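Written below as structure tokens is the structure these notes are about.
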Amino acid sequence: MTTELITATAAELAARLAAREISSVEVTQAHLDRTAAVDGAVHSYLHVDAEGALASARAVDRRRAAGESMPTLAGVPIAVKDVMTTAGLPTTCGSRILQGWIPPYDSTVVARLKAAGLPILGKTNMDEFAMGSSTEHSAYGPSRNPWDLDRIPGGSGGGSSSVLASFQAPLATGTDTGGSIRQPAAVTGTVGTKPTYGGVSRYGLVALASSLDQAGPCARTVLDTALLHEVMAGHDPMDSTSIDAPVPAVVEAARRADVAGMRIGIVRELTGEGFQAGVQQRFDEAVRHLVDAGAQVVEVSCPSFVYALAAYYLILPSEASSNLAKFDAMRYGLRVLPAGDDDPSAEQVMAATREAGFGDEVKRRIILGTYALSSGYYDAYYGSAQKVRRLISDDFAAAFASADVLVSPTAPTTAFKLGDKLDDPMAMYLNDIATIPANLAGVPGMSVPSGLAPEDGLPVGLQILAPAMQDQRLYAVGAALEARLQAAWGAPLLASAPDLTAATAKGA
Ligand code: GLN
């Protein structure tokens, strides 16, 4: 019974809750029990809120018992990335500088989850301030990949991907500035969407790079991802970049899973060299499945994509250095007084606090960004990067003239071992080579599982990209592929993941 409750999809749980066959308290408790059993090994959570989740579950159960008509996902529990403010619950963003900070307000995303009746299980681990591809930059220690506990679950949202892959939650939230929803989904065999920029409110998200940041849904199936997308998305007057237009019909597209006649563009620059053989193989097979489902394949070229990583690592640090200036020891979290000084100046306190409170990767990017924005260099670095950004948008526009969606492998390799890339920032940055262009252009993207790489038995993800405001196309293609692959495999991919209870009992 309990196993059924934690392996069920959110859509199944929602249907059984609506039929009152199960209660939200049972479902929520089953997930909390699972966390007690396995999170010692996986470390998906920075903070678990058992009491709060159960209180919300009880409230949903009461309203349902009273005959109230409830939103679709009411009673289905969710895990929230620790970058999103939660009133009364810690929000650290994986950083020591925010240790102990309890936000006085909910981010819009969290407010919408609450209004839709989703009990919040806790806050998930992440690379500090969402900088990274492995969660190893979290100040609170890394999360682990449920497929192999010695490997990374992706980043920055590795807490959210591992929470799903270890069946501690059926749904999770993420944010994607350069791939932090899609790459973790790819390496854990889960699904994640970065919506069109402006599709989901950024109000109450701790900002990394404001022109790239986008919150989105994470789940184990395409339909579940769509159901959560619908709850999170929609116009918000509190975010000036929020799009004031109807939310794309993502749930309908996920249910129809229809790709007949759709033109699928393969981006020449995002395949082949640099991609692990098994990743490329699963990608090629997935494309064949889409063709069998009635899609047409076209090859497209996006020549400026080769400059995307370089442009991103100028734009992101520039915006981040400015966004992170607010952590000044006066307004939030940590305050460190310089040793041996009885009467330090405000600047000395700021310097001591930022020195102690930020990790190496964050400092690296603050220095890079400050340099790129400094007078005399601004045009050469930040200005040039913005020009490249325009060229990338032009490449997308040209590609979408001949294709309805674009596809590529999500990440160049399967999950690597913890520690393997930690001392090599460039190797770490290269994980996002295929995901970054979408953030620079603001277009939506999704990662869906495309199988296990034959050489290491680890999950591979396929990335789908669509024009801005056409998020529903991601779901049509994702759901069509998922249906075909699961029919071929005979079960969802995660059904073949290792049994973590055994690993935990062994003290792994
Ligand atoms: N890995 C990328 C980076 O380190 C992406 C981060 C993100 O999407 N938040 O910047």
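To convert, count from 1 in the sequence shown and add 251; that's the working numbering. Every residue, glycine too, gets a C-beta built ideally from N, C-alpha and C. In this text the structure is predicted, and so the values were computed from the model without any measurement.
| Check | Outcome |
| --- | --- |
| Measure the C-alpha to C-alpha separation of Ser-698 and Leu-283 and round it to an integer number of angstroms. | 27 Å |
| Considering only the beta carbon of each residue, do Thr-686 and Gly-702 sit closer than 8 Å? | no |
| Below 8 Å, can you find three or more Cβ-Cβ pairs linking the region 633-650 to the region 417-426? | no |
| When we look at the beta-carbon of Gly-545 and count the other beta-carbons within 10 Å, is it buried (16 or more) or exposed? | exposed |
| Report whether the distance from the Cβ of Ala-666 to the nearest heavy atom of ligand 1 is below 7 Å. | no |
| In three-state DSSP terms, what is Thr-752? | helix |
| By the three-class DSSP mapping on this structure, what secondary structure does Pro-468 have? | strand |
| Within the region 478-551, note down every full beta strand (DSSP E) run reaching 3 residues or more, in order along the chain. | 514-518, 547-551 |
| Short of 8 Å in beta carbon distance, which residues of its chain neighbour Thr-337, apart from the five on each side in sequence? Order them along the chain. | Val-331, Pro-354, Asp-357, Ser-358, Val-361, Ile-371, Lys-374 |
| Can you find the residues in the same chain that come closer than 6 Å, C-beta to C-beta, to Ala-731, ignoring five residues on each side of it along the sequence? | Ala-508, Val-510, Ala-544 |
| Would the C-beta of Asp-611 count as close to ligand 1, meaning under 7 Å from any of its heavy atoms? | no |
| Is it true that the CB of Ile-517 sits closer than 8 Å to the CB of Val-656? | no |
| Consult DSSP for Ser-698 and reduce its assignment to one of helix, strand or coil. | strand |
| If we ignore side chains and look at the alpha-carbon of each, how far apart do Thr-204 and Ala-734 end up? | With the chain covering 252 to 759 only, the question about residue 204 has no answer from this structure. |
| Using DSSP with H/G/I as helix, E/B as strand and the rest coil, what is Val-457? | coil |
| Just list the residues that DSSP pairs Gly-425 with in beta bridges. | Gly-467 |
| Note down, one range per segment and in chain order, each beta strand (DSSP E) of at least 3 residues found wholly within the region 622-661. | 656-660 |
| May I ask you to report which of helix, strand or coil DSSP gives Asp-333? | coil |
| In whole angstroms, what is the alpha-carbon distance linking Gln-531 and Gly-523? | 7 Å |
| Just how far apart, CA to CA, sit Gly-345 and Gln-547? | 43 Å |
| So, helix, strand or coil for Asn-376, using DSSP? | coil |
| Whose C-beta lies closer than 6 Å to the C-beta of Ala-504 among residues of the same chain, with five residues either side of it excluded? | Gln-723, Tyr-726, Ala-727 |
| So for Val-442, helix, strand or coil by DSSP? | strand |
| Mapping the DSSP letters down to three states, classify Ala-759 as helix, strand or coil. | Any answer about Ala-759 is weak, because its pLDDT of 41 lies below 50 and its placement is not dependable; what the coordinates show is given next. Coil. |
| Starting from Ile-710, follow the beta strand (DSSP E) in both directions and report where the run begins and ends. | First, the residue type needs correcting, since residue 710 is Pro and not Ile in the sequence shown. 710-716 is the extent of the beta strand (DSSP E) around Pro-710. |
| For Arg-402, write down the residues that DSSP places opposite it in a beta bridge. | Lys-668 |
| Extract the residue ranges of the beta strand (DSSP E) inside the region 270-328, only unbroken runs of 3 or more that lie entirely within it. | 296-299 |
| Answer with buried or exposed for Gly-591, where buried requires no fewer than 16 other C-beta atoms within 10 angstroms of its C-beta. | exposed |
| Give a single yes or no on whether Ser-431 has its beta carbon closer than 7 Å to a heavy atom of ligand 1. | yes |
| What do you reckon, are the CB atoms on Pro-710 and Thr-472 nearer than 8 Å? | no |
| Which residues bound the alpha helix (DSSP H) around Leu-349? | Per DSSP, Leu-349 belongs to no alpha helix (DSSP H) and is neither H nor E. |
| Once DSSP output is grouped into helix, strand and coil, what is the label at Pro-744? | Correcting the residue type first, residue 744 is Leu in the shown sequence and not Pro. If DSSP states are grouped into helix, strand and coil, Leu-744 belongs with the helices. |
| My understanding is that Pro-468 touches Met-489, with C-beta atoms under 8 Å, so please give their C-beta distance in whole angstroms. | Contact doesn't hold; Cβ gap of about 20 Å is too wide. |
| Pro-676 lies in the alpha helix (DSSP H); which residues open and close that run? | 676-680 |
| According to the Cβ coordinates, are Thr-620 and Ala-571 closer than 8 Å? | As written in the sequence, residue 620 is Gly, which differs from the Thr given in the question. In this structure, Ala-571 lies closer than 8 Å to Gly-620 by Cβ. |
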